[in-house]
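S.K.:
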Amino acid sequence: MIRNDTELQATQERILLFERILTEARRTYLPSNYAAMAEGYLLEIDKLQADIRAYLSRVADPIEAA
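The structure is reproduced here in structure tokens:
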């Protein structure tokens, strides 16, 4: 669960890292190996994106907005 904008930024950076890993892996792994390797990263990206959506769906507390 993301609690503040700092954690939001860290989560967004983590997604970018995983996407870079997958992009490089697509060029270097055999297709069958890539599919097995990518599954965990893709599931984690989905989870992190859901966390971001949940955080951004909340109305900011006045303290957070300041």
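Going by numbering that gives the first Met the number 0, the residue at position 1 of the sequence shown is 0; the numbering climbs one at a time, nothing skipped.
Just so you know, even glycine gets a beta-carbon here, dropped at the ideal spot from N, CA and C.
1) Ordered along the chain, which non-local residues of its own chain (more than five positions away) have a Cβ less than 7 Å from that of Thr10?
2) Any chance you could list the alpha helix (DSSP H) runs of at least 4 consecutive residues sitting entirely within the region 15 to 60, in chain order?
3) In this structure, does DSSP put Arg13 in helix, strand or coil?
4) Under 7 Å Cβ to Cβ from Tyr54, same chain only, skipping five residues before and after it: list those, please.
M.R.: Working from what's here:
1) Spatial neighbours of Thr10 in its own chain (CB-CB distance under 7 Å, excluding positions within 5 residues in sequence) are listed in chain order as Ile1, Leu47, Asp50, Ile51.
2) You should have 30 to 56.
3) Annotated three-state conformation of Arg13 is helix, per DSSP.
4) So the qualifying residues of the chain are Ile1, Leu7.
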